[in-house]
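Numbering (my numbering), first residue to last: 5 to 132. Every residue, glycine too, gets a C-beta built ideally from N, C-alpha and C. This one's a predicted model, so the numbers in the text were calculated from it and none came from an experiment.
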Amino acid sequence: MAEVNQSDVYRGFIACLNRQDWATLEHFVANDLKYNDKQIGLSGYRKLLTRFCDEIPDVYFELAKVVSQPPLLASRLVFNCTPRGTFLGLPVRGKRISFAENAIYVFQDDRIREVWSVLDKTAIEAQL
């Protein structure tokens, strides 16, 4: 069996998010996923992602940096988007903003098992 390239799997995951192909998410994320040290499972992660995309109709997950040292992968995602209403508790209300997300993933059996994610809320506050 050929070894799977973790970075390629992650890029497939990002493509899945950009298509908002929630049915395919299970190919990239473990059923027992932990997110920021909280057990939310695949269904909880799907809800988190769909809510994020609902709040930001024009969201696009732009991959800026990836560093992979199995089983860990770190990435920096950049967003240039227009959230509706309140986002992260901030009154964005349709203003175009830019911010980043820094995330660390733990892979197991070619799926994401753990995620630690931080959004740059300070960058958003500076634009409002």
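May I ask you to list the residues that DSSP assigns as paired with residue i?
i, result
"residue 10", "According to DSSP, residue 10 bridges with nothing at all."
"residue 106", "80, 122"
"residue 112", "115"
"residue 101", "85"
Please check the pair residue i and residue j, which I expect to be a contact at CB under 8 Å, by giving their CB distance rounded to whole angstroms.
i, j, result
"residue 104", "residue 71", "That pair is no contact at about 15 Å."
"residue 114", "residue 13", "6 Å"
"residue 59", "residue 91", "6 Å"
"residue 67", "residue 108", "No, residue 67 and residue 108 are not in contact; Cβ-Cβ is about 15 Å, not under 8 Å."
Considering only the alpha carbon of each residue, which of the options lies closest to residue i?
i, options, result
"residue 45", "59, 29, 57", "29"
"residue 10", "92, 76, 123", "76"
"residue 117", "21, 25, 31, 26", "31"
"residue 38", "23, 62, 120", "120"
"residue 97", "86, 106, 107", "86"
"residue 65", "128, 20, 42", "20"
"residue 22", "102, 47, 54, 80", "54"
"residue 1", "122, 49, 123, 100", "A query on residue 1 cannot be resolved here, the shown segment of the chain reaching from 5 to 132 and no further."
Determine, using beta carbons only, whether residue i comes closer than 8 Å to chain D.
i, result
"residue 63", "In summary, chain D is missing from the structure at hand, where a single protein chain is found."
*Scan the segment 9-94 and note each continuous alpha helix (DSSP H) run of 4 residues or more that stays entirely inside, going in chain order.*
10-23, 45-59
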